[in-house]
Amino acid sequence: MKACRQWENTIVEYVDEVCEPEAARRLEVHLAHCEACAQAVRQQKWIKHALTQVDTEHAPAYLARRIRDHARSALRRRTLARLIVRLSFAVTAVGVAVVALWWNASRQPLPPAPPTDESALAQAIVQEYIGTTAGEGFSDPSLQMLAREAQMKTLRMEPTWQ
Amino acid sequence: MKRVLFAIVLFSIGCWSGTQAQTPIEWLERMERAERTVALDGVRVTQFFLPVPLPPVREHIQRAGVRYRVEYLEPLPRRGEVLIDDGIRRFHYLPRLKRVRALPSDQPILLRRRQALLMRLRRREILLSVKGSEPVAGRRAVILEARTPQGVPIRRWWIDREYGVILRMEEMNPQGEVRLRSEYVRLTLPALIPPDRFAPNFPAQVVKQEVLPPSQVFASVKEAQPLVPFTICQPQELPRGFRLVEVRVRMVRMRPLVSLHYTNESASLVLFQTRLPLRANAPLLQSLAPLSARVEAWRDGDVNLVLVGDAPAEVFEQMRKALR
Numbered sequence: 001m002k003a004c005r006q007w008e009n010t011i012v013e014y015v016d017e018v019c020e021p022e023a024a025r026r027l028e029v030h031l032a033h034c035e036a037c038a039q040a041v042r043q044q045k046w047i048k049h050a051l052t053q054v055d056t057e058h059a060p061a062y063l064a065r066r067i068r069d070h071a072r073s074a075l076r077r078r079t080l081a082r083l084i085v086r087l088s089f090a091v092t093a094v095g096v097a098v099v100a101l102w103w104n105a106s107r108q109p110l111p112p113a114p115p116t117d118e119s120a121l122a123q124a125i126v127q128e129y130i131g132t133t134a135g136e137g138f139s140d141p142s143l144q145m146l147a148r149e150a151q152m153k154t155l156r157m158e159p160t161w162q
Numbered sequence: 163m164k165r166v167l168f169a170i171v172l173f174s175i176g177c178w179s180g181t182q183a184q185t186p187i188e189w190l191e192r193m194e195r196a197e198r199t200v201a202l203d204g205v206r207v208t209q210f211f212l213p214v215p216l217p218p219v220r221e222h223i224q225r226a227g228v229r230y231r232v233e234y235l236e237p238l239p240r241r242g243e244v245l246i247d248d249g250i251r252r253f254h255y256l257p258r259l260k261r262v263r264a265l266p267s268d269q270p271i272l273l274r275r276r277q278a279l280l281m282r283l284r285r286r287e288i289l290l291s292v293k294g295s296e297p298v299a300g301r302r303a304v305i306l307e308a309r310t311p312q313g314v315p316i317r318r319w320w321i322d323r324e325y326g327v328i329l330r331m332e333e334m335n336p337q338g339e340v341r342l343r344s345e346y347v348r349l350t351l352p353a354l355i356p357p358d359r360f361a362p363n364f365p366a367q368v369v370k371q372e373v374l375p376p377s378q379v380f381a382s383v384k385e386a387q388p389l390v391p392f393t394i395c396q397p398q399e400l401p402r403g404f405r406l407v408e409v410r411v412r413m414v415r416m417r418p419l420v421s422l423h424y425t426n427e428s429a430s431l432v433l434f435q436t437r438l439p440l441r442a443n444a445p446l447l448q449s450l451a452p453l454s455a456r457v458e459a460w461r462d463g464d465v466n467l468v469l470v471g472d473a474p475a476e477v478f479e480q481m482r483k484a485l486r
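Going down the list, the sequences are from chains A and B.
Taking the working numbering, the leading residue of the first sequence gets 1, the next gets one more, and so forth.
Taking the working numbering, the leading residue of the second sequence gets 163, the next gets one more, and so forth.
The following block contains the structure:
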């Protein structure tokens, strides 16, 4: 006689005492009028009880030691291999990143960090100062632009375009 | 025959007196007129010397009055760049970036500075003298020198005797050392330049970029005051020889930065005022050291004041006292 299909999982959980209280109550109601399921519960409980009664067979000490040693060395080998693979991945990744950064840096300067209030103000002051002193007196638009650029170059700043 | 000889002598005397009778200020006024009216075509070399000499810049300049076309020939990285300025708009073509930057011309500002300089010369706040003559680019030139009342040379101009244009110019620092020299090495005077040379025609694929000037320029504090939410602070009296050139208002982080620009034609002094916080030892301000600029900052109420300039320390002290 087979237990009802829809109750099979619940019966296993019930026997293992991990069933939700509500599910357990509903199963118990079902067991009251389903002999097949009640028998399945009895069988599984018996098997569980029987398994707990079985004596544990101990391996001989020399065998246990060999098994332990073998397992340990296998674990060490595996760990070492994993470490080597991970390290080689890391070294390759760092190498690729360094080459990419160098290539990028050689192509264009890194974007400047967003200026703070103070640095934005200081930058404006420097630009205004240069904008006035450059090309005073008799100068033309080109001369004034060149004078401003020369001052910017002296300060190692990027030219502005006013 | 006698009559012919007499006419030649008279003509020679007339020519000689025509050049010799002009006073230094008349030469300068003539130069100012020529810079606004004469058409020329030539190659000019400009070099900056201080604090370290920079590579010379060679430009092909075509000019008709206030209209300019400048093609850069050297140094190599800027070859092909073109600057066109018609007195109202300026276009700067950068072939490497395939870009044209369009912005308002600053010729009105330059004209105002020239007129202020002329006024000071007329008032003899700056001394002007003729220092002889010398040929430049195969043309005869009169040398004019401007000095402070203390005798420190500020600028020298080599002025074309015939047309009055500047053939060579030297600008000195407060110590009297040449910091800029600009001179024509080839020149056609007067030149006939087709008007389309001043038209902003650039290759079709270039991107046009409008650039707004970062600051508004005013002639006086009164004009700038309506833009600023605090009372613009002015010195009760200026250090001897200094004058207010212009007042600028620039927005930084949505707050105005006011700058009052002073000069004695040799040194400059700029007084900045803002409500934004700033320390005198801010790294960027310290970077002005290569330009021999001194920086002092202090607070007055909720306004930060910063004084920047290459004027001597005693001028800074006078200015600070006059602001209290």
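Every residue, glycine too, gets a C-beta built ideally from N, C-alpha and C.
Listed along chain B, the residues sitting closer than 9 angstroms to A/T154 by beta-carbon distance are F210, L212, P213, V214, L216, P452 and L453.
By the neighbour-count criterion, in which 16 or more other beta carbons inside 10 Å mark a residue as buried, B/R309 falls on the buried side. Under the Cβ criterion (8 angstroms, minimum of three pairs), the region 392-402 of chain B does not count as touching the region 275-285 of chain B. Selection B/A366, B/L289, B/V228 and B/P297 evaluated against B/L273 yields B/V228 as nearest (Cα-Cα).
DSSP lists B/V468 as the bridge partner or partners of B/A459. For B/P257, same chain residues with a beta-carbon under 6 angstroms away, outside a window of 5 residues either side, are G242 in chain order. Using a Cβ-Cβ cut-off of 7 angstroms, B/A442 does not count as an interface residue toward chain A, since no Cβ of chain A sits closer than that to its own. The three-state secondary structure of B/G242, taken from DSSP, is coil. Per DSSP, B/Q224 is one residue of the beta strand (DSSP E) stretching across V219 to A226. At least one CB of chain A lies nearer than 7 angstroms to the CB of B/D247. Judged by their CB atoms, B/L329 and B/A353 are not nearer to each other than the 7 angstroms cut-off. Relative to B/V383, the option among B/V420, B/T436 and B/L440 whose CA is nearest is B/V420. Counting along the chain, B/A308 sits inside the beta strand (DSSP E) bounded by residues R301 to R309.
Contact between the region 462-472 of chain B and the region 423-439 of chain B is present: 3 or more CB-CB pairs across the two stretches fall below 8 angstroms. The Cβ atoms of B/V205 and B/R359 do not sit closer than 7 angstroms to each other. DSSP, read as helix, strand or coil, puts B/G313 in coil. Secondary structure note for B/K384: it is in no beta strand (DSSP E), and the uninterrupted alpha helix (DSSP H) holding it is V383 to A386.
At a Cβ-Cβ threshold of 7 angstroms, B/V373 and B/L245 do not count as neighbours.
Under the Cβ criterion (8 angstroms, minimum of three pairs), the region 205-216 of chain B counts as touching the region 334-343 of chain B. Neighbours of B/Y230 in chain A, taken as residues at a C-beta separation under 8 angstroms, are given in chain order as D140, P141 and S142. Residue burial annotation: A/S139 is buried, with at least 16 other C-beta atoms found within 10 angstroms of its C-beta. Contact with chain A is found for B/R415, since one of that chain's Cβ atoms lies less than 7 angstroms from the residue's Cβ. Within chain A, the residues I125 and Y129 have their CB atoms less than 7 angstroms from the CB of B/V470, given in chain order.
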